[in-house]
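Colleague: So that you can map any letter, position 27 of the sequence shown is 643 in the numbering used here, and since no number is skipped, the others follow by simple counting.
Glycine included, every Cβ here is placed at the ideal spot set by N, Cα and C.
If you're wondering where the values come from, they're calculated on a predicted model, not measured in any experiment.
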Amino acid sequence: MIKTEYPIYWEKEDFSIKIFCSIPAIATGILLRAGGAKVVIDPGDGILRDLNEELTPEEILSITDVFITHGHHDHVGGVWSLLTYLRIMRKRTTLNIWFPEGCPEIESIYNAFRTVYSNSIPYPIILRTIMDYKPFTRRGLTVKPFPVIHAEKIEDGPETRLVPSLGFKFTWQGKKICYGGDTAYCEELVKQAKGADLAIIEAGEDEDSVPGMHMTQEEAEKIGRTAKEFFLVHVPQ
Ligand SMILES: [Zn+2]
């Protein structure tokens, strides 16, 4: 296995993505910029530290949207600290959090946040459950959610279950970035990655993976090569 060095940065004019990290079972954290818009994808543990190094406090306050591929801790571990930081820094504008239907973690974190801070949250938070795969547009950035296949173990036994999981394709002025999230090899990702300007593909399989959980490096590269450029992420380290 190759060791991926972070951060990874890619840009085409005013469309850019910075992957602060994507390490299985530890943390993911991604910032996407499209023109003046800034959105965060999969804010795992450490997202606040990484955003703080990258952006001014005013820029962090201007983040409009957070996209969650699935509820595993290495993809949502930083949500609490991000919400709290935006509170103490007195964010005023709305924060939208997009996440797959059936993902309990985001609603639980949000409800706990509301319980703790009740009347002292200065900014509106809108939970946006993604129930279908229709594209939508945020300040000129088109977002196309798509279903992927990502299993997890049930306790330590041999049983597995599927986790509600999405990939996202982001289109800005004709340029496309496809991020598959965590996924086993699946046809929907094959379709969405093909021809993208950038594909970000997980290659997370290791000896602890169960079937339907992650991809081998070979599978990930096969998909990645159908895009104009690709990065392999979530490689076990
Ligand atoms: Zn996962």
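Could you tell me which residues DSSP pairs with residue 759 in its beta bridges?
Modeller: Answer by DSSP bridge pairing, in chain order: 752, 786.
Colleague: Is residue 850 a contact residue of ligand 1, with contact defined as CB to any heavy atom under 6 Å?
Modeller: no
Colleague: Less than 6 Å separating the Cβ of residue 830 from some heavy atom of ligand 1?
Modeller: Checking every heavy atom of ligand 1 against the Cβ of residue 830, none is found closer than 6 Å.
Colleague: Using beta-carbon positions only, say whether residue 683 and residue 784 come within less than 7 Å of one another.
Modeller: yes
Colleague: Going by the DSSP bridge assignment, what does residue 822 pair with across the sheet?
Modeller: In DSSP, residue 822 forms no bridge with anything.
Colleague: In the DSSP assignment, find the alpha helix (DSSP H) that holds residue 733 and state where it starts and stops.
Modeller: 720–733
Colleague: Given the structure, does residue 688 come close to ligand 1, in the sense that its CB is under 6 Å from one of the ligand's heavy atoms?
Modeller: yes
Colleague: Given a cut-off of 7 Å on the beta-carbon distance, is the pair residue 854 and residue 663 in contact?
Modeller: This structure gives no information on residue 854, because the portion of the chain shown stretches from 617 to 853.
Colleague: Take residue 780 and list the residues in its own chain whose beta-carbon comes closer than 8 Å to its own, dropping the five residues that flank it on each side.
Modeller: The answer, listed in chain order, is 686, 687, 716, 717, 718, 719.
Colleague: For residue 854, which residues of its own chain have a beta-carbon under 8 Å away from its beta-carbon, when the five flanking residues on both sides are left out?
Modeller: A query on residue 854 cannot be resolved here, the shown segment of the chain reaching from 617 to 853 and no further.
Colleague: Give me the Cα-Cα distance between residue 617 and residue 833, rounded to the nearest whole angstrom.
Modeller: Residue placement at residue 617 cannot be trusted, given a pLDDT of 49 that sits under 50; the coordinates are not used to answer.
Colleague: Scan the stretch 618–699 and note each continuous beta strand (DSSP E) run of 3 residues or more that stays entirely inside, going in chain order.
Modeller: For the beta strand (DSSP E) assignment, the uninterrupted runs of no fewer than 3 residues enclosed by the stretch 618–699 are, from N- to C-terminal side, 624–628, 631–639, 643–650, 653–657, 681–683.
Colleague: Measure the C-alpha to C-alpha separation of residue 768 and residue 649 and round it to an integer number of angstroms.
Modeller: 31 Å
Colleague: Tell whether a beta-carbon distance below 7 Å holds between residue 723 and residue 692.
Modeller: no
Colleague: Could you tell me the alpha carbon to alpha carbon distance between residue 760 and residue 739, rounded to whole angstroms?
Modeller: 26 Å
Colleague: Within this structure, are the beta carbons of residue 651 and residue 630 separated by less than 7 Å?
Modeller: yes
Colleague: If we ignore side chains and look at the alpha-carbon of each, how far apart do residue 836 and residue 804 end up?
Modeller: 13 Å
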